[in-house]
Amino acid sequence: MVFETAIVAALIAAVAALIAARHTSQSTSRQSKRDKKAEFLFRRAEMGHSRKLELYARAFEITGKLSKHILLVKNSAIPKRYFDEVKDDLLDWENKCGAIFTDDTLRAYRALLLALSAPAKSDGQMSRGAKNEVWRKRVWLRGCLKAELTGTDKALLALDEE
Numbered sequence: 370m371v372f373e374t375a376i377v378a379a380l381i382a383a384v385a386a387l388i389a390a391r392h393t394s395q396s397t398s399r400q401s402k403r404d405k406k407a408e409f410l411f412r413r414a415e416m417g418h419s420r421k422l423e424l425y426a427r428a429f430e431i432t433g434k435l436s437k438h439i440l441l442v443k444n445s446a447i448p449k450r451y452f453d454e455v456k457d458d459l460l461d462w463e464n465k466c467g468a469i470f471t472d473d474t475l476r477a478y479r480a481l482l483l484a485l486s487a488p489a490k491s492d493g494q495m496s497r498g499a500k501n502e503v504w505r506k507r508v509w510l511r512g513c514l515k516a517e518l519t520g521t522d523k524a525l526l527a528l529d530e531e
């Protein structure tokens, strides 16, 4: 009887050890999967941020063509064709970006495209009011882009542009 009790106790201990080992193995496996997933997401975010930096640098280059000096100097004769070229550059840029815009940036981007689409006056130039509108939308878009990259308040960034 003592012998049978010892066997039963040994079997119970072995089963308990197997259960504990399996639990530890599963726990380690789950933790390993979580670690791999976290590392993957971190690398993806890091790659996404560096790609965003690259793409947004191009947006700043394009919108730089709409400088305050060009747009707001009195009697500056800028043909509508110039604004159309900037608009085409922005559309090409958007095709490379894909769907990385935030809602605010997308609204600002579309508003700038709309402002750039304003009809020309009879002499082929943009009106002063249309150029002012392009300037305001440019400031808005650049503020949104900066906010996405830095995580700061867009209103403060827009003030830097003025």
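In the numbering used here, the protein residues as written are 370 to 531. We put the CB at the ideal spot given by N, CA and C, even for glycine.
- The closest CA to that of Pro488, considering only Ala426, Leu518, Asp458 and Lys500, is found on Lys500.
- Around the C-beta of Val377, fewer than 16 other C-beta atoms lie within 10 Å, and the residue is accordingly described as exposed.
- Per the C-alpha coordinates, the member of Phe452, Leu485, Ala390 and Lys421 positioned closest to Glu517 is Lys421.
- Scanning its chain for C-beta atoms nearer than 6 Å, with the 5 sequence neighbours on each side dropped, one finds no residue around Ala383.
- With fewer than three CB-CB distances shorter than 8 Å, the segment 456-468 does not count as touching the segment 489-499.
- Shown here for Met495: same chain residues with a beta carbon closer than 7 Å to its own, the five before and five after excluded, namely Ile447, Lys449, Phe452, Ala487 and Ala489 in chain order.
- Contact annotation: Leu485 and Val508 have beta-carbon atoms that are not nearer than 8 Å.
- Pairing Ser396 with Ala385, the inter-Cα distance amounts to about 16 Å.
- For Val455, the uninterrupted alpha helix (DSSP H) run begins and ends at Lys449 to Cys466, by DSSP.
- Looking at the backbone, the Cα of Ala426 and that of Ser401 are separated by about 37 Å.
- Counting every other CB atom within 10 Å of its CB across the protein chains shown gives Ala375 a total below 16, marking it as exposed.
- Per the coordinates, the alpha-carbon of Phe429 lies some 52 Å from the alpha-carbon of Ser394.
- Annotation: the continuous alpha helix (DSSP H) that includes Gly498 extends over Arg497 to Thr519.
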